[in-house]
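Peer 1:
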Amino acid sequence: MGKKKVLNIRLCSGMSCTTRGRHKLASLLGKYKANGHESIKYYTVDSPCAFNCEKGPTVIMNGDLHSGVDEDKLMELLQDYEEILEME
Ligand code: FES
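Have a look at this one:
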């Protein structure tokens, strides 16, 4: 098997994103990673405020900032990024 591709996921842990449901995203990611693609290495870290507070929860994936991320949107993003990584 080749080298694993990397999906870096930074969850904003600032006050605004936390009150908007960041913990639900963290929980979903924890479960998702356990069953994710075996060719992809998922790195998830907490991130300080991304200065996007009014549009949170904010998630940064491989350097791209995403606003208003709820659980459904996070699932879509994960699938989109996995598709892109699989094609590289
Ligand atoms: S608290 Fe998340 S962008 Fe500021």
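Just so we're aligned: 81 in numbering that gives the first Met the number 0 is position 82 of the sequence shown, and the numbers increase by one with no gaps anywhere.
Positions of the beta carbon are idealized from the N, C-alpha and C atoms, including for glycine.
(1) With 8 Å as the threshold, decide whether the Cβ of Phe50 is near any Cβ in chain B.
(2) Measure the alpha-carbon distance for Tyr80 versus Asp69 and round it to whole angstroms.
(3) From what residue to what residue does the alpha helix (DSSP H) around Ser96 run?
(4) Going along the chain, which residues of its own chain have a beta-carbon closer than 6 Å to the beta-carbon of Leu6, five neighbours each way excluded?
(5) Let me make sure I understand the geometry here. Which of Glu87, Ser66, Cys48, Met74 has the alpha-carbon closest to that of Asn34?
(6) Quick one: what does DSSP say Thr43 is sitting in, helix, strand or coil?
(7) My output table needs one value for Asp63: the three-state DSSP class, helix, strand or coil.
Peer 2: Looking at the coordinates:
(1) You won't find chain B in this structure, because it holds only one protein chain.
(2) Translated into the one-based positions of the sequence shown, residue 80 becomes position 81. Translated into the one-based positions of the sequence shown, residue 69 becomes position 70. So the two alpha carbons sit approximately 16 Å from each other.
(3) The displayed coordinates of the chain run from 0 to 87. Any statement about residue 96 would go beyond what the structure contains.
(4) Here residue 6 refers to the residue found at position 7 when the sequence shown is read from its first residue. Once the five neighbours on either side are set aside, the close Cβ partners of Leu6 are Ile39, Tyr41, Tyr80.
(5) The residue you call residue 34 lines up with position 35 of the sequence shown. Considering only alpha carbons, the answer is Met74.
(6) As a working note, residue 43 is residue 44 in the sequence shown. Strand.
(7) In the sequence shown, the residue the question calls residue 63 occupies position 64. Asp63: strand per DSSP, three-state reduction.
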